[in-house]
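Q: For the sequence shown, the UniProt record's numbering begins at 1 and goes up steadily by one.
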Amino acid sequence: MTYLLGIIISICGNVLISISLNIQKYAHMRQSQRDTKPYYSSPVWWSGVVLMGVGELGNFAAYGFAPASLIAPLGSVSVIASAIISVVFLKETLRPSDIFGGTLAITGTYLLVTFAPHTSTHITAHLVQYYVVSWHFLIYIFIEIVVFCILLYLYKRRNVKHIVVVMLLVALLASLTVISVKAVSGMITESITSQLQLIYPIFYVMLVVMVASCAFQIKFLNQAMKMFDATEVVPINFVFFTASAILAGIVFYQEFEGLALLNIFMFLLGCLLSFLGVFLIARNRPKKKQEDSNFISMDRIPGKRHTEKVQPEAKTSTYESLAAKFMCSRAGQPEDS
């Protein structure tokens with residue numbers, strides 16, 4: 001029953017990640033209120049970073065005990081726990097959509113754990129080498145490379161900055177990350193429990209693939225966070241990442257082989273409920289209030305320390321619209337006798 005150990009480790013890791021995110025958010029809030037030292041000098045912020053590292057390490061270890069198609073969707077636990085912690089400790093508003101979304105996500109997670117493939121083969125170097133040269137994986141990786149190159153061309157050359165394009169780039173890299181993470185974690189687990197696997201070159205090949213795909217995945221994800229709001233990036237990234245991880249587990253590790261049709265249907269239903277739940281929790285989160293574009297803050301002008309506003313220049317459309325409003329209001333007032 002090693003898959004149960006993988007589930008427990010993954011859930012604990014995701015809970016730690018949600019705690020760490022809220023700790024870091026609290027450190028940012030406290031720093032902005034006091035406006036003294038930078039956030040990275042705060043022990044509270046660093047404790048959040050350490051907790052996140054421990055949580056990610058737990059997720060990494062979980063891939064060595066359970067199928068990738070089971071571990072990846074459990075990322076919804078992090079979203080649910082983060083929403084609960086932010087309401088209880090950071091005093092954020094609890095919305096009806098949070099309750100409904102959390103219920104859907106919990107129901108979906110239960111279906112995932114119940115109907116997901118529960119048999120996880122021992123990952124050895126010879127088995128990974130066999131999977132790498134299998135015809136279905138070679139076709140899969142060829143299609144993935146072609147799609148990735150097309151998306152990268154649209155993103156870099158054609159300047160197509162749509163969120164779906166960016167998140168698909170992240171998801172394609174995440175597919176390689178899941179394959180390599182499970183291979184590396186599985187071979188380390190096999191080395192500890194049974195026979196040493198670290199002497200085979202395939203281990204270091206997978207280690208390089210894991211590090212490179214993670215680095216580029218983080219790069220594109222950071223670019224997405226700069227261009228789009230977190231309420232859009234979080235649910236789309238969760239859906240795309242989970243779908244790519246499940247597909248990678250099916251194609252590379254053949255995790256759905258021999259699984260009953262009812263189990264497959266209920267597993268996909270659990271994924272759908274988790275996706276919908278995460279979307280409801282993440283959508284329409286409060287955004288930072290934007291400044292009025294009709295005024296320019298004096299503190300943004302070099303050499304000026306005033307906090308007053310500058311009225312737009314005359315002969316501009318903004319000035320004319322303001323002047324028209326002023327004249328209309330003056331016309332509506334009674335004249336002095």
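All C-beta atoms in this analysis are idealised placements derived from N, C-alpha and C, irrespective of residue type, glycine included.
#1: Three Cβ pairs or more, each shorter than 8 angstroms: is that satisfied between the stretch 127-143 and the stretch 99-110?
#2: Going by beta-carbon coordinates alone, are F238 and V211 separated by less than 7 angstroms?
#3: In whole angstroms, what separates the C-alpha of N159 from that of A68?
#4: Assign H136 to buried or exposed, taking buried as 16 or more other Cβ atoms, counted over all protein chains shown, within 10 Å of its Cβ.
#5: In angstroms, rounded to a whole number, what distance separates the CA positions of L4 and V233?
#6: Buried or exposed for M29, please, with buried defined as at least 16 other CB atoms from any protein chain shown within 10 angstroms of its CB.
#7: In the DSSP assignment, find the unbroken alpha helix (DSSP H) run with L154 in it and report its ends.
#8: In angstroms with no decimal places, state the Cα-to-Cα distance between T242 and V184.
#9: Are L169 and L154 touching if we call contact CB-CB under 7 angstroms?
#10: Taking Cβ positions, are P73 and E255 nearer each other than 7 angstroms?
#11: Use the C-beta contact count for P235: other C-beta atoms within 10 angstroms, 16 or more gives buried, fewer gives exposed.
#12: Tell me whether Q24 is buried or exposed, calling it buried when 16 or more other Cβ atoms sit within 10 Å of its Cβ.
#13: Have a look at T189 and S32 and give me their C-alpha separation to the nearest angstrom.
#14: Using the C-alpha atoms, what's the distance from M227 back to S329?
#15: When the Cα atoms are used, what is the spatial distance from I250 to P43?
#16: On the CB-based measure, 16 or more other CB atoms within 10 Å of its CB, does residue 368 come out buried or exposed?
#17: Let me make sure I understand the geometry here. Which of G258, I143, V77, K91 has the alpha-carbon closest to that of I17?
#18: Beta-carbon within less than 6 angstroms of F148's beta-carbon, same chain only, minus the 5 sequence neighbours each way: which residues are those?
#19: Going by the beta-carbon positions, is the gap between V13 and N59 smaller than 7 angstroms?
#20: Distance cutoff 7 angstroms, beta carbons only. Does S41 sit that close to anything in chain D?
#21: What did DSSP end up calling G332 once you bin it into helix, strand or coil?
#22: May I ask which residues mark the beginning and end of the alpha helix (DSSP H) holding L169?
#23: Residues in the same chain with beta-carbon distance under 7 angstroms from Q217, minus the five sequence neighbours each way, listed in chain order, please.
#24: When the Cα atoms are used, what is the spatial distance from M266 to V15?
#25: Do you know offhand how far I202's Cα is from F252's?
#26: Do I84 and L51 count as a contact pair if the criterion is CB distance below 7 angstroms?
#27: For I9, which residues of its own chain have a beta-carbon under 6 angstroms away from its beta-carbon, when the five flanking residues on both sides are left out?
A: Once the coordinates are examined:
#1: no
#2: In the sequence shown, the residue the question calls residue 238 occupies position 238. In the sequence shown, the residue the question calls residue 211 occupies position 211. Not closer than 7 angstroms, so no.
#3: Against the sequence shown, residue 159 aligns to sequence position 159. Against the sequence shown, residue 68 aligns to sequence position 68. About 34 angstroms.
#4: Residue mapping note: residue 136 aligns to position 136 of the sequence shown, counting from 1. It is exposed - the Cβ of H136 has fewer than 16 other Cβ atoms within 10 Å.
#5: The count along the sequence shown starts at 1 and reaches residue 4 at position 4. The count along the sequence shown starts at 1 and reaches residue 233 at position 233. So the two alpha carbons sit approximately 30 angstroms from each other.
#6: As a working mapping, residue 29 is identified with position 29 in the sequence shown. Exposed, since its Cβ has fewer than 16 Cβ neighbours within 10 Å.
#7: Translated into positions along the sequence shown, residue 154 becomes position 154. Unbroken alpha helix (DSSP H) run through L154: 135-156.
#8: As a working mapping, residue 242 is identified with position 242 in the sequence shown. As a working mapping, residue 184 is identified with position 184 in the sequence shown. Whole-angstrom Cα-Cα distance: 19 angstroms.
#9: Locating residue 169 in the sequence shown gives position 169, counting from the first residue. Locating residue 154 in the sequence shown gives position 154, counting from the first residue. No, they are not a contact pair.
#10: Residue 73 sits at position 73 when you count from the first residue of the sequence shown. Residue 255 sits at position 255 when you count from the first residue of the sequence shown. Cβ distance not < 7 angstroms, so P73 and E255 don't count as in contact.
#11: Working through the sequence shown from its first residue, we reach residue 235 at position 235. Answer is buried; the Cβ neighbour count reaches 16.
#12: To locate residue 24, count along the sequence shown from 1; it is residue 24. When all chains shown are included, Q24 counts as buried.
#13: Walking along the sequence shown from the start, residue 189 turns up at place 189. Walking along the sequence shown from the start, residue 32 turns up at place 32. Each residue's alpha carbon lies about 44 angstroms from the other.
#14: Here residue 329 corresponds to residue number 329 of the sequence shown, with the count starting at 1. Here residue 227 corresponds to residue number 227 of the sequence shown, with the count starting at 1. With a pLDDT of 46 at S329, under the threshold of 50, the modelled position of that residue is not reliable, and the figure given next carries that caveat. If I take the Cα positions, the gap works out to 40 angstroms.
#15: Taking the sequence shown and counting its residues from 1, the one referred to as residue 250 is at position 250. Taking the sequence shown and counting its residues from 1, the one referred to as residue 43 is at position 43. So the alpha carbons of these two residues sit roughly 42 angstroms apart.
#16: Any property of residue 368 remains undetermined from this structure, which presents the chain solely from 1 to 337.
#17: Here residue 17 refers to the residue found at position 17 when the sequence shown is read from its first residue. For I17, the nearest C-alpha among the options comes from V77.
#18: Working through the sequence shown from its first residue, we reach residue 148 at position 148. Within the same chain, F148 has close Cβ partners L172.
#19: Taking the first residue of the sequence shown as 1, we reach residue 13 at position 13. Taking the first residue of the sequence shown as 1, we reach residue 59 at position 59. Note on identity: in this sequence residue 13 is Gly, with Val being the wrong assignment. Yes, the Cβ-Cβ distance between G13 and N59 is below 7 angstroms.
#20: Among the chains of the structure shown, chain D does not appear; only one protein chain is present.
#21: What you label residue 332 is simply residue 332 of the sequence shown in a count that begins at 1. At G332 the pLDDT is 48, less than 50, meaning the model places this residue with poor confidence; the figure from the coordinates comes in the next sentence. Three-state result, G332: coil.
#22: The sequence position of residue 169 within the sequence shown is 169, counting from 1. Start and end: 163-193.
#23: The residue labelled residue 217 in the question sits at position 217 within the sequence shown. Closer than 7 angstroms at the Cβ level, and outside the excluded window around Q217, lie V170, L173, A174, T177.
#24: The count along the sequence shown starts at 1 and reaches residue 266 at position 266. The count along the sequence shown starts at 1 and reaches residue 15 at position 15. The alpha-carbon atoms of M266 and V15 are separated by roughly 25 angstroms.
#25: Position 202 of the sequence shown, counted from the start, is the residue given in the question as residue 202. Position 252 of the sequence shown, counted from the start, is the residue given in the question as residue 252. The alpha-carbon atoms of I202 and F252 are separated by roughly 15 angstroms.
#26: Numbered from its first residue, the sequence shown carries residue 51 at position 51. Numbered from its first residue, the sequence shown carries residue 84 at position 84. The Cβ atoms of L51 and I84 lie no closer than 7 angstroms to each other.
#27: The residue given as residue 9 occupies position 9 in the sequence shown. Same-chain partners within the cutoff: G58, A61, A62.
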